[in-house]
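Protein chains in written order, with my numbering: chain A, 24 to 344; chain B, 24 to 344. For glycine and all other residues, C-beta sits at the position ideal for the given N, C-alpha and C. These numbers come from a predicted model, not from an experiment.
Number of protein chains: 2
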Amino acid sequence: MCQSVPMTLVQRAPVCVLGTGLIGGSLLRAAVAAGYEAFGYNRSDSGAEAARRDGFDVSGELPAVLRRAADTDALLVLAVPMPAVEHILAEIAAVAPRCPLTDVVSIKGPVADAVRKHSIEANYVGGHPMAGTAESGWAATDPELFRGAVWAVGVDEGTRVEPWTRVVRLALDCGSVVVPVVADEHDQAVARISHLPHVLAEALAAAGAAGGALSLGLAAGSFRDGTRVAGTAPDLVRAICEPNAAALGQVLDETIAALVTARDTLRADGSLGDVVEAGYRGRTAYNEHTRWEITGIVPGVGDWLGELHRAGRRGGVLRAL
Amino acid sequence: MCQSVPMTLVQRAPVCVLGTGLIGGSLLRAAVAAGYEAFGYNRSDSGAEAARRDGFDVSGELPAVLRRAADTDALLVLAVPMPAVEHILAEIAAVAPRCPLTDVVSIKGPVADAVRKHSIEANYVGGHPMAGTAESGWAATDPELFRGAVWAVGVDEGTRVEPWTRVVRLALDCGSVVVPVVADEHDQAVARISHLPHVLAEALAAAGAAGGALSLGLAAGSFRDGTRVAGTAPDLVRAICEPNAAALGQVLDETIAALVTARDTLRADGSLGDVVEAGYRGRTAYNEHTRWEITGIVPGVGDWLGELHRAGRRGGVLRAL
Chain A
24 MCQSVPMTLV QRAPVCVLGT GLIGGSLLRA AVAAGYEAFG YNRSDSGAEA
74 ARRDGFDVSG ELPAVLRRAA DTDALLVLAV PMPAVEHILA EIAAVAPRCP
124 LTDVVSIKGP VADAVRKHSI EANYVGGHPM AGTAESGWAA TDPELFRGAV
174 WAVGVDEGTR VEPWTRVVRL ALDCGSVVVP VVADEHDQAV ARISHLPHVL
224 AEALAAAGAA GGALSLGLAA GSFRDGTRVA GTAPDLVRAI CEPNAAALGQ
274 VLDETIAALV TARDTLRADG SLGDVVEAGY RGRTAYNEHT RWEITGIVPG
324 VGDWLGELHR AGRRGGVLRA L
Chain B
24 MCQSVPMTLV QRAPVCVLGT GLIGGSLLRA AVAAGYEAFG YNRSDSGAEA
74 ARRDGFDVSG ELPAVLRRAA DTDALLVLAV PMPAVEHILA EIAAVAPRCP
124 LTDVVSIKGP VADAVRKHSI EANYVGGHPM AGTAESGWAA TDPELFRGAV
174 WAVGVDEGTR VEPWTRVVRL ALDCGSVVVP VVADEHDQAV ARISHLPHVL
224 AEALAAAGAA GGALSLGLAA GSFRDGTRVA GTAPDLVRAI CEPNAAALGQ
274 VLDETIAALV TARDTLRADG SLGDVVEAGY RGRTAYNEHT RWEITGIVPG
324 VGDWLGELHR AGRRGGVLRA L
């Protein structure tokens, strides 16, 4: 029943990055820096050329890149925004359906659905490095982007050991720690800690600018930090947040209710009410949150997926294989 | 008609800081560093002792401190949270009613109202340095806190040249630039760029923590920056935001409406709607906002207050007297 495979045979197999923008391009740089044979595809000629000028092996010919991946049993890393996922998956299904496959897309449920639709789920493992900047494109790539970051890696039912191990090893080799997570819980969590921050930053930036030059001139640290991610390109924000509509809608419901209560108590009795203490408790919990290392779970042995899932939910991370 | 006074006579007159927490204590340090004779009062013995241990002249005896200020024509700087303002003003009215008076409280209208109530408005000039950290108390004080910051200084009708000049000079000597502003426009602006950021940070921190260890463990830059000011002590947040209830209530109305629209369009057609572009435009306007130097307005001459008011509203700052 044990699916475990000799680590030495897979740990440095090639990596093929599909989409070399901020995340994919940084991953390509990080993989090369960690000793992987790594190559990639980018849809825009200018992006691919920029990568080649920096000495990286990036092509604009998707079928050719995928054939090379199939020939070398490369780990495919899908690194395009959600709206472009479907097209790439169709090509993978046609050209390289047996390659191990992961992704770095900001949500997991819709990607997994799309992968199943193309019947290439057998070697798929969802991934999501929690890293980024407000910049985008090859020019913003950084091989150190993932160092010290958290990288969510799927432990959904049916996940196979061999692709899972390759994805975890790549994340660790890029300097991240790995949080094992199932797709729907991932998507609910990122609605709270990634997509809601984007929406609130947008609303805050709009409200500040509506005050004109005086407001912008008086703005200091709280406005600067609270609106930082509103500097992200609008199309990218939409591509990150909108595919998570169900979970994001639910946390927006919660947040709107909290703000309505604050406004109403402020009007009624001059008090912001519970939101101040709830927020302070929340930030304190964040400050005090500590990651503990998951140990003693052997991939492929027993209920390894369930054990990893429960450990990740309790704040556990993998620091080594 | 000209009220101007010889600058050399007033520029280094003593400064008396009432309240030596983060802002007042940092101001005391900055004033001493800039060559002022500066002394202060702090309500808590432990705070006053901490300042004395660091070599600063801070007492817990308010009447004695105010008598010394009156004897030396010191500039009084009211540096307590709004709930404590009333008590200090009553003592000033009793002991040192003719001293020039400013404040560093986060709102201006309610402070001005309280000053008028005690009939000591003749030498009052509102002030608000736009600087701070999530920390509080003497231990967090920093003489460099105001360097490069914006310091709002009142140009309300009836403002007199001599106290106004002393307040501006102090702000400049602390390394800040000065934005001339009238009270109600100040309070509307800070509702947008200081108080709303606090409330949104609290709501975001609460929403993130509601997701438990998985959410907090996956949280990265957008959550960290968006919740930074939620780490501020709840009593201090209330003291900063709640006295500005009218203006804050209005921007909360705007923000709630924007979030409701975003949620509703997300549910209806999977789009966040206009908030993304509006936020991007707002943050871009903030990034591109440049301060221009106000020159050629002589305090006390002609409609100097009106000219400064209009210049401040258009993004002008004073960098020198």
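By the CB criterion at 8 Å, TYR309/B and ALA242/A fall inside the cutoff. Boundaries for CYS197/B: no beta strand (DSSP E) harbours it, and the DSSP string shows neither H nor E there. The Cβ atoms of ARG336/A and GLU180/A do not sit closer than 8 Å to each other. With distances taken between CA atoms, ASN267/A lies nearest to LEU289/B out of LEU259/B, ASP248/B and LEU289/B. By the CB criterion at 8 Å, THR43/A and ALA74/A fall inside the cutoff.
When the Cα atoms are used, TRP315/A and PRO166/B turn out to be separated by approximately 39 Å.
Around the beta carbon of SER199/A, 16 or more other beta carbons sit within 10 angstroms, so the residue counts as buried. For secondary structure counted as the beta strand (DSSP E) over 3 or more consecutive residues, the segment 141–214 of chain A holds these complete runs in sequence order: 150–152, 173–177 and 200–204. Taken in chain order, the complete alpha helix (DSSP H) segments of 4 residues or longer contained in the segment 46–91 of chain A are 68–76.
Think of a sphere of 9 Å around the beta carbon of PHE246/A: the chain B residues whose beta carbon falls inside it are ARG215, ILE216, SER217, LEU219, PRO220 and TYR309, in chain order.
In the three-state DSSP reduction, LEU344/A falls in the coil class, being neither helix nor strand.
Proximity of chain B to LEU275/A at the Cβ level (cut-off 8 Å) is accounted for by LEU282, ALA285, ARG286 and LEU289, in chain order.
Shown here for ALA57/B: same chain residues with a beta carbon closer than 7 Å to its own, the five before and five after excluded, namely ASP196 and CYS197 in chain order.
Beyond the five residues adjoining it in sequence on each side, ALA54/B comes within less than 6 Å, by CB distance, of VAL38 and ALA61 in the same chain, given in chain order. With fewer than 16 other beta carbons inside 10 angstroms of its own, ASP292/A counts as exposed. Between VAL205/A and TRP174/A, the gap from beta carbon to beta carbon reaches 8 Å or more. One Cα belongs to ARG286/A, the other to ALA256/B, and the distance between them is close to 20 Å. Ranked by Cα distance from GLY339/A, the first of GLY302/B, GLY235/B and ARG333/B is GLY235/B.
The contact set of PRO257/B on chain A, defined by CB atoms closer than 7 Å, consists of VAL299, GLU300 and TYR303 in chain order. At a Cβ-Cβ threshold of 8 Å, ARG189/A and ALA145/A do not count as neighbours. Within chain B, the residues placing a beta-carbon under 8 Å from that of ALA233/A are ARG215, GLU277 and GLY305, ordered along the chain. Within 8 Å of the CB of MET153/B, the CB atoms of chain A belong to LEU241, ALA242 and ALA243, in sequence order along the chain. Considering only GLU330/A, LEU227/A, GLY177/A and GLU311/A, the residue with the shortest C-alpha distance to THR278/B is LEU227/A.
With a threshold of 8 Å between beta carbons, CYS197/B makes no contact with chain A.
Contact between LEU51/A and GLY70/A is ruled out by a C-beta separation of about 11 Å, above the 8 Å threshold. Against VAL178/A, chain B offers no close residue; the least beta-carbon distance is about 12 Å (beta-carbon pairs closer than 9 Å). When CB distances to chain B are screened at a threshold of 9 Å, not a single residue of the segment 317–332 of chain A falls below it. For the segment 216–259 of chain B, the full-length alpha helix (DSSP H) segments reaching 4 residues or more read 219–232, 235–241 and 244–249 along the chain. Looking only at ARG215/A, ASP80/A, GLY302/A and GLY240/A, the smallest Cα-Cα distance to GLY240/B is reached by ARG215/A. At a cut-off of 8 Å between C-beta atoms, VAL127/B does not count as an interface residue with respect to chain A. Neighbours of SER294/B in chain A, taken as residues at a C-beta separation under 7 Å, are given in chain order as GLU265. DSSP places LEU295/A in no alpha helix (DSSP H); its state is neither H nor E. Within the same chain, and ignoring the five residues on either side of ASP136/B in sequence, no residue has its Cβ closer than 8 Å to its Cβ. In this chain, the beta strand (DSSP E) harbouring VAL40/A covers 38–41. Annotated as proximal: ALA194/A and VAL176/A, with beta-carbon spacing under 8 Å.
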